[in-house]
Amino acid sequence: MKKIAIIGASEGQLLLVRKAKELGLYTICFAWEKGAVCKDECDKFFPISIFDTDKIVAQCKQLKVDGVVSIASEETAKVVSIVADKLGLKCTSPEVMKKIQNKKITRELTNSVAGLSCPKVWSINELDSVTYPCVVKPITGSAKRGVSFCESSDQLMTAINYAKASNDEILIEEYISGKEFSVECLSYNGEHQVAQISRKINTGFPHFVEMEVHQPALISAELKNKIETVVSDILKSVDYSNGASHVEVKYDKDKLYLIEINPRGAGDRTADTLVSLSTDCDFLAEVINIAMDNFKFKEIHNVAYSGILFLSKQSSYLQKYYDKSYDWILERYRWNDELHESTTNYERDGYIIYKSLNPINI
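Counting in our numbering, the sequence shown runs from 71 upward without gaps.
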């Protein structure tokens, strides 16, 4: 039986463990024991910190694993790269991963991509030349942590200090309005395929917390083709070679802008659940196939509409959908009775996952 190492054992990796077992693989999880919900479902569990890569590599060598994988986590994606690279298994190299996770470097590497427009960017030493509105963000990180919108110089230092609480290095960018899209991709040996394009709805300024994800995005065939071409070229420009990726773009006044590249499948159930609901692509299975060096590109078709809606004070209108059953709701959960203001993607009070043969109007 072939063996796959899964980095992390939290709830975010649970569907991946189940999919690997469904594919007939022997599953081995590495993580701290606290919060390791995968411990009872994987075939072998090692209570090792995911950051102790030497110990993980040693165990993987002893067990002769055939692939290393994770989903929807920035931290585990870095570890997958380090471990798989040391084992000579399929991955994107740690050097490339490090570049991709730095928003400033990705800006520099993608500036020449045809069809991609670039927002103005300022460093901390160019505050006098900043124009407004702008967005301040940490140079690394995800989930909208440390991100702020500024309409004037009076707000700039507050935003800079907020961003620095997440990372000392920051990026100041021209604010781009328009529609935001999330593009889920599969990459293998340097070739890239868009599995799905999602329309994303956020809270807007000041922190742009994601509240809705809808698949497929309701866009023209022309825009769909443009996004697919440009995103593929973006991934080539940063030398991403193997695995899932999640590229965020904005479209405004016939121009396409890169927001960020994430060298992993999207979180918030987008990659591990929604893609497989809205298309005929078993996204988790394909991510595993890439890691096992057993992947084949195939045409992907939309088969339904799916999405996730997050509950918080900003989306209190969703409370009515918790009162009775709806045939389009597949899953819903609420962990707080009282609704809270969301300032990051980690601060929400519940969610609803849906699937329908027609677009849903909320």
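Using N, Cα and C, we set each Cβ at its ideal position, and we do this for glycine too.
DSSP bridge partner residues for Lys109 (one or two, in chain order) | The partner list for Lys109 (beta bridge, DSSP) is empty, contrary to what the question assumes.
Cys130, enclosing alpha helix (DSSP H) - first and last residue | Thr123 to Leu133
Would you list the residues sitting across from Glu261 in a DSSP beta bridge?
-> Tyr258
Quick one: Cα of Phe251 to Cα of Ser315, how far?
-> 14 Å
Measure the Cβ-Cβ separation of Leu133 and Lys73 and say whether it is below 7 Å.
-> yes
Whole-Å CB distance - Ile98 paired with Leu86, under 8 Å assumed | Their Cβ separation, rounded to whole angstroms, is 12 Å, which puts Ile98 and Leu86 out of contact at 8 Å.
Out of Leu347, Ile246, Phe365 and Pro286, state which residue places its alpha-carbon closest to the alpha-carbon of Val259.
-> What sits at residue 259 in the sequence shown is Asn, not Val. Residue Phe365 is the option with its Cα nearest to Asn259.
Residue interval of the beta strand (DSSP E) (run including Gln83) = That residue, Gln83, is in no beta strand (DSSP E); it is neither H nor E in DSSP.
Given 8 Å, three or more beta-carbon pairs between the region 292-311 and the region 336-355 | no
Which full runs of the beta strand (DSSP E) of 3+ residues lie inside the region 274-327, going along the chain?
-> 280-285 and 313-322
Who are the near neighbours of Asp113 in its chain, counting only those whose CB is closer than 8 Å to its CB and skipping five residues on each side?
-> Lys91, Tyr96, Thr97 and Ile98
Using DSSP bridges, identify the partner residues of Thr349.
-> Asn372
For Cys255, I'd like the list of residues in its chain whose CB is within less than 6 Å of its CB, leaving aside the five on either flank, ordered along the chain.
-> His262, Val264 and Ser315
Please name the residue or residues paired with Leu381 in a DSSP beta bridge.
-> Gly420
Local Cβ density within 10 Å of His284, reported as buried at 16 or more and exposed below that = buried
When DSSP labels each residue in this structure, what does Val166 get in the three-state scheme?
-> helix
Examine the Cβ distances between the region 264-274 and the region 418-428 and report whether three or more of them are shorter than 8 Å.
-> no
Inter-residue Cα distance where the pair is Glu81 and Tyr327 | 32 Å
With burial defined as no fewer than 16 other Cβ atoms inside 10 Å of the residue's Cβ, what is the status of Met362: buried or exposed?
-> buried
Can Cys108 and Leu84 be called in contact, C-beta distance under 7 Å?
-> yes
Strand pairing of Ser252, partner residues [DSSP] = Ser268 and Glu318
Rounded to a whole number of angstroms, what is the C-alpha to C-alpha distance between Glu411 and Ile358?
-> 36 Å
Spatial neighbours of Gln129 within its chain, please: CB distance less than 7 Å, with the 5 preceding and 5 following residues excluded, ordered by chain position.
-> Phe116
What did DSSP end up calling Arg177 once you bin it into helix, strand or coil?
-> helix
Neighbour-count burial assignment, His158, 16 or more Cβ in a 10 Å radius | A quick correction: the sequence has Gly, not His, at residue 158. With fewer than 16 other Cβ atoms within 10 Å, it is exposed.
Leaving aside the five residues before and after Gln171 along the sequence, list all residues of the same chain whose C-beta is less than 6 Å from its C-beta, in chain order.
-> Thr210
For Glu243 and Val191, believed in contact at Cβ under 8 Å, the rounded distance | 5 Å
Considering only the beta carbon of each residue, do Val127 and Lys148 sit closer than 7 Å?
-> no
Would you kindly report the start and end of the unbroken beta strand (DSSP E) that includes Ala147?
-> Unbroken run through Ala147 is the alpha helix (DSSP H), Glu144 to Leu157; no beta strand (DSSP E).
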